[in-house]
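Read in order, the letters of the sequence shown are residues 21 to 397 in the working numbering.
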Amino acid sequence: MRQPSSADPSSVRQWNERAVITALRDAGTVRVAQVAEQVGLSTASTREVLRGLVTKHWVVPEAQSSGSVGRPASMFRLATPPVGLLGLDVGGHRVRGVLDAGSGSVEVLGEVSIEQGVPGVEATRAALVELLAPVDVSGVWMTGLAVSGALDHSDRLDRSIAMADFVGLRPAEVLGSVLPGSVMTLHDTKAALWAERVEGAALGRRDVLYVHLGRRPSLALLLAGQLYRGAHGSAGELSLNELLPASGGYDWVESAGDADAQGRALVAAAEGDPVAVAGAQRFVLDIVPQVAFAAGLVDPELLVLGGALGPVILPVLDEVRDELDRRLQTPPDVAVGELDEYVTARGAVHLARERLWKTLLDSEGPLPPLERAALLA
């Protein structure tokens, strides 16, 4: 929120509230005078703002510190309510979930297969109900819903091979009856990249090209520290382009009559089947020219190869680097994703956390109370 240019008391009060909260974030327990100095208000004005924030549950008064002279100083800290956050990875074959119950640590909920042969929306909804059965949904403030396919700026699924029954629909709306809290819809590959940026191979990096090697290879971009969506929300979407195959082909194992041949091939490679591993490594080396082309356009500092095939390609990583060196003037560092199959769900929960605080703090008008009901209003 920008500092108001006019002297409108309401706007000034709203700015002061947000400025005080910003000062308290990561500051621990501090004295009123310290907050006043940081935000540029008088001690009396700061104290008044803090009282209002206590009423709205944003700030907690602490036991006063006793100095050697004079009255004990008033101490305050930012409130830390148990804000539950849910991260979901929804594809065509299974749903995966993680939960931050309010402590800041993320626990894995597990995965549930989506029944095939049943209408996709209905089957996905049933799988989510099963996955979320152990969760106290009343404590979840926001759900990050990562889906497979191209999302437009209204979060409508424009195109998806894995979730064909959802095309033309907003997943958050059609699944909303079983999703707790406010729902944020995300692209699955972008969510995976964000997880690697927060706690994985891209930690601390600002310009990253992420290649997800799953059933369908896909790309995501982090530019200047932010996920890049592009003008239409489809940056990195190459499913209609021959640069990267729409599917891996993945003919490394016998798959006659297998409804999920790609999934079976990925599992075989991940489990160390020699034929499947060799096939996966050949596939990755075959797409290096296309990856190099994409890297040459955006000049990332880091290329992350993630997804199910990430660990499988470690033995050929030097070959990947050599091929990039031949094709790029300034090749990026290359790393394999460090997170497991819940990487997308973890990214969804991290992005939900950021969206939640942005929604509350950047809202127009007076700062709402720090409570779940205010977010859902």
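Think of the CB as a built atom: it goes at the ideal place given N, C-alpha and C, for glycine as much as any other residue.
Remember, predicted model here, so these are calculated numbers, not experimental data.
On a CA-only basis, which of the options is nearest residue i? Give me that one, please.
i           : options              : result
residue 111 : 64, 187, 128 and 54  : 187
residue 394 : 335, 30, 161 and 97  : 161
residue 236 : 258, 363 and 242     : 258
residue 204 : 192, 212 and 198     : 192
residue 107 : 173, 378, 371 and 59 : 371
residue 64  : 52, 74, 73 and 75    : 52
residue 72  : 227, 45, 33 and 109  : 33
residue 232 : 337, 368, 57 and 327 : 327
residue 198 : 346, 210 and 151     : 151
residue 194 : 143, 325 and 234     : 143
residue 375 : 358, 163 and 136     : 163
residue 317 : 306, 349 and 292     : 349
residue 35  : 61, 115, 295 and 80  : 61
residue 74  : 59, 46, 47 and 41    : 41
What are the boundary residues of the alpha helix (DSSP H) that includes residue i?
i           : result
residue 140 : 140-152
residue 104 : Note, residue 104: premise wrong, no alpha helix (DSSP H); beta strand (DSSP E) at 104-110.
residue 208 : 208-219
residue 30  : 29-44
residue 373 : 363-381
residue 67  : 63-75
residue 55  : 52-59
residue 249 : Per DSSP, residue 249 belongs to no alpha helix (DSSP H) and is neither H nor E.
residue 392 : 392-396
In chain order, what residues of the same chain have a beta carbon less than 6 Å from the beta carbon of residue i, not counting five sequence neighbours either side?
i           : result
residue 300 : 289, 329 and 332
residue 182 : 111, 112 and 168
residue 238 : 209 and 232
residue 67  : 52
Assuming residue i is part of the beta strand (DSSP E), what are its boundary residues?
i           : result
residue 169 : Element bounds for residue 169: n/a, residue is neither H nor E.
residue 128 : 127-133
residue 228 : 228-232
residue 354 : 353-356
residue 240 : 238-243
For residue i, I'd like the list of residues in its chain whose CB is within less than 8 Å of its CB, leaving aside the five on either flank, ordered along the chain.
i           : result
residue 77  : 99, 101, 389, 390 and 391
residue 165 : 108, 110, 191, 192, 195, 199, 203, 204, 205, 206 and 368
Rounded to the nearest angstrom, how far is the Cβ of residue i from that of residue j, given a contact under 8 Å?
i           : j           : result
residue 396 : residue 201 : 7 Å
residue 159 : residue 104 : 4 Å
residue 304 : residue 336 : 7 Å
residue 119 : residue 79  : Contact doesn't hold; Cβ gap of about 27 Å is too wide.
residue 296 : residue 285 : 6 Å
Return the chain-ordered list of same chain residues with a C-beta closer than 7 Å to the C-beta of residue i, the five sequence neighbours on each side being excluded.
i           : result
residue 218 : 370
residue 145 : 195 and 198
Practice problem: List in chain order: all unbroken beta strand (DSSP E) runs of 3+ residues lying wholly within the region 291-336. | Solution: 322-326
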